[in-house]
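*Asks:* I'd like to ask you about the structure that follows.
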Amino acid sequence: MAGIHFQPEKDCDVSHQPRAVAVSVADMVSDDDRSTAAESWSIKSDCGSTLDDEQNHAAAASDYSSDKDETDAEAVSSMLGFQSYWDSAYTDELTNFCEHGHTGEVWFGVNVMEVVASWTKALCIDISQGRIPNHVEDVKAVPSELDDNLLSCWSVLDIGTGNGLLLQELAKQGFSDLTGTDYSEQAISLAQSLANRDGFPNIKFLVDDVLETTLEQEFQLVMDKGTLDAIGLHPDGPVKRMLYWDSVSKLVAPGGILVITSCNNTKDELVQEVENFNQRKLAASLELVAAKNEESCSDHVFQYVNHVRTYPTFTFGGSVGSRVATVAFRQK
């Protein structure tokens, strides 16, 4: 996997950008297949994935053969679990940005991204002021002149940052120590180009694979918008999700917050997955303590804090749920 390195300052020299090298998957993915895959993933969200207006009009006007063989949705969805898919997709988006200025897709839609950013801001302010949400009332923060000072103390990491727009939204909310990582070099090039264009040159972007991270820093706030979803779509998704939790637990500082936004998992499913990780972590720690004849262990586990309660809901089989879940966990 790629290690960490900073991207060159030149924004749009796409001729020097590496193409996807894992041809075993990328070569089998056509533009139509990538579009179908994205739709199959984001359709669970009312807001969906959002394109520039010009891109939407162009897509609507494009020819589509009605007798084209239908792509198996499940098979296409699994393509989103491969790096080659994202390398190819972000190569196209980087080219579109450089040639036409298009921002590209916003996973889950702009509305969800704005909700995630503002909700996370309120949560961090409450925690900074010693007010931990009580799991019943949603987090609320009264704007004050102290907000920016409180938020400047939070180091933020966005894993699987993609085009980096979530970090831009967090910057608008007052966060200033912002870092985005992605295993796709093309995504990082696009994110840096967009940040420079939009007036956020201080956001740091690094190439890094969260499953094999080389980051040594711990962050007080770690954001994940769709990355766990994509990891779960890999054929080895269950195993890779376990690796995800092992890695992320080392990136969140003690007392820090992990905020996950997912369209493939409900709040309760995410809470259960975290509990399963906690149990594995504690069991492994106890074995290590026994082997070393020590009295205590210092491994950290996650605790559910709160979740966004303002997303549109639906009722099915007597149960009420939402198509997008944003859940916060605190590292003990």
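So in UniProt numbering, the last spot in the sequence shown is 332, and the numbers never skip. The C-beta atom is built at its ideal place from N, Cα and C for all residues, glycine as well.
1. Less than 9 Å between the beta carbons of T213 and K250, yes or no?
2. Looking at C-alpha atoms only, which residue of K292, S262, A291 and N163 is the closest neighbour of T326?
3. Near A195, what residues of its chain come up, given a Cβ to Cβ distance below 8 Å and the 5 sequence neighbours on each side ignored?
4. Only counting the same chain, and skipping five residues up and downstream in sequence, which positions put a Cβ closer than 7 Å to that of L233?
5. Give the DSSP bridge partners of K225, in chain order.
6. Counting only beta-carbon separations shorter than 9 Å, does G160 have a partner in chain D?
7. Straight-line CA distance for V252 to C153?
8. Measuring CB atoms only, is the region 93 to 109 touching the region 118 to 134, in the sense that at least three cross pairs come out at less than 8 Å?
9. Find the nearest neighbour of D209 within the set G160, N96, M242 and Q129, judged by alpha-carbon distance.
10. Using a Cβ-Cβ cutoff of less than 8 Å, which residues in the same chain neighbour S62 once the five nearest sequence positions on both sides are dropped?
11. Can you tell me whether DSSP reads K204 as helix, strand or coil?
12. Do I257 and V305 have their C-beta atoms closer together than 9 Å?
13. For I159, which of helix, strand or coil comes out of DSSP?
14. Pick from K332, A328, A283 and T103: whose alpha carbon is nearest that of V271?
15. Compute the Euclidean distance between the alpha carbons of A284 and P254, then round it to the nearest angstrom.
16. Counting only the same chain and skipping the five closest in sequence on each side, list residues whose C-beta sits under 7 Å from that of L211.
17. Please list, in chain order, all residues of the same chain as V115 whose beta carbon is under 7 Å from its beta carbon, the five residues on each side excluded.
18. DSSP on F329, reduced to helix/strand/coil?
19. Would you report the Cα separation of Q303 and Q83, rounded to the nearest angstrom?
20. When the distance is taken between beta carbons, is D229 closer than 9 Å to N276?
21. Please state if the CB of V259 and the CB of N278 are separated by a distance shorter than 9 Å.
22. Which residue's Cα is closest to the Cα of T91: S189, G237 and A171?
23. When you compare only the Cα positions, how much space is there between C124 and G226?
*Replies:* Reading from the atomic positions:
1. The residue labelled residue 213 in the question sits at position 213 within the sequence shown. The residue labelled residue 250 in the question sits at position 250 within the sequence shown. For T213 and K250, yes; Cβs fall inside 9 Å.
2. Residue mapping note: residue 326 aligns to position 326 of the sequence shown, counting from 1. Closest option to T326, Cα to Cα, is S262.
3. Taking the first residue of the sequence shown as 1, we reach residue 195 at position 195. Cβ within range, chain order: G164, L167, Q168, P201, I203 and F205.
4. For the purposes of this step, residue 233 is taken as the residue at position 233 of the sequence shown. The answer, listed in chain order, is S77, S78, L80 and G81.
5. Position 225 of the sequence shown, counting from 1, holds the residue named residue 225. K225 is bridged to T261.
6. Considering every chain present, this structure includes no chain D. It has just one protein chain.
7. Here residue 252 refers to the residue found at position 252 of the sequence shown. Here residue 153 refers to the residue found at position 153 of the sequence shown. Distance from the CA of V252 to the CA of C153, rounded to the nearest whole angstrom, comes to 15 Å.
8. no
9. Residue mapping note: residue 209 aligns to position 209 of the sequence shown, counting from 1. For D209, the closest alpha carbon among the candidates G160, N96, M242 and Q129 is that of G160.
10. In the sequence shown, counting from the first residue as 1, residue 62 sits at position 62. Note that S62 scores 39 on pLDDT, short of 50, meaning its location in the model is unreliable and no value can be drawn from it.
11. The sequence position of residue 204 within the sequence shown is 204, counting from 1. In this structure, K204 counts as strand in the three-state DSSP scheme.
12. What you label residue 257 is simply residue 257 of the sequence shown in a count that begins at 1. What you label residue 305 is simply residue 305 of the sequence shown in a count that begins at 1. Cβ atoms of I257 and V305: closer than 9 Å.
13. Your numbering for residue 159 matches position 159 in the sequence shown. Residue state, collapsed to three classes: strand.
14. Along the sequence shown, one-based indexing puts residue 271 at 271. Considering only alpha carbons, the answer is A328.
15. Working through the sequence shown from its first residue, we reach residue 284 at position 284. Working through the sequence shown from its first residue, we reach residue 254 at position 254. C-alpha separation (whole angstroms): 19 Å.
16. Looking up residue 211 in the sequence shown gives position 211. Within the same chain, L211 has close Cβ partners K240, L243, Y244 and S247.
17. Indexing the sequence shown from 1 puts residue 115 at position 115. Result list for V115: V308 and T310, in chain order.
18. As a working mapping, residue 329 is identified with position 329 in the sequence shown. Three-state result, F329: strand.
19. One-based indexing of the sequence shown puts residue 303 at position 303. One-based indexing of the sequence shown puts residue 83 at position 83. Each residue's Cα considered, the two are about 30 Å apart.
20. Translated into the one-based positions of the sequence shown, residue 276 becomes position 276. Translated into the one-based positions of the sequence shown, residue 229 becomes position 229. The answer is no: Cβ separation not under 9 Å.
21. Taking the first residue of the sequence shown as 1, we reach residue 278 at position 278. Taking the first residue of the sequence shown as 1, we reach residue 259 at position 259. Taking 9 Å as the Cβ cut-off, N278 and V259 do not qualify as a contacting pair.
22. As a first step, residue 91 is located in the sequence shown; it is residue number 91 there, counting from the start. The residue among S189, G237 and A171 with its C-alpha nearest the C-alpha of T91 is S189.
23. Working through the sequence shown from its first residue, we reach residue 124 at position 124. Working through the sequence shown from its first residue, we reach residue 226 at position 226. The alpha-carbon atoms of C124 and G226 are separated by roughly 21 Å.
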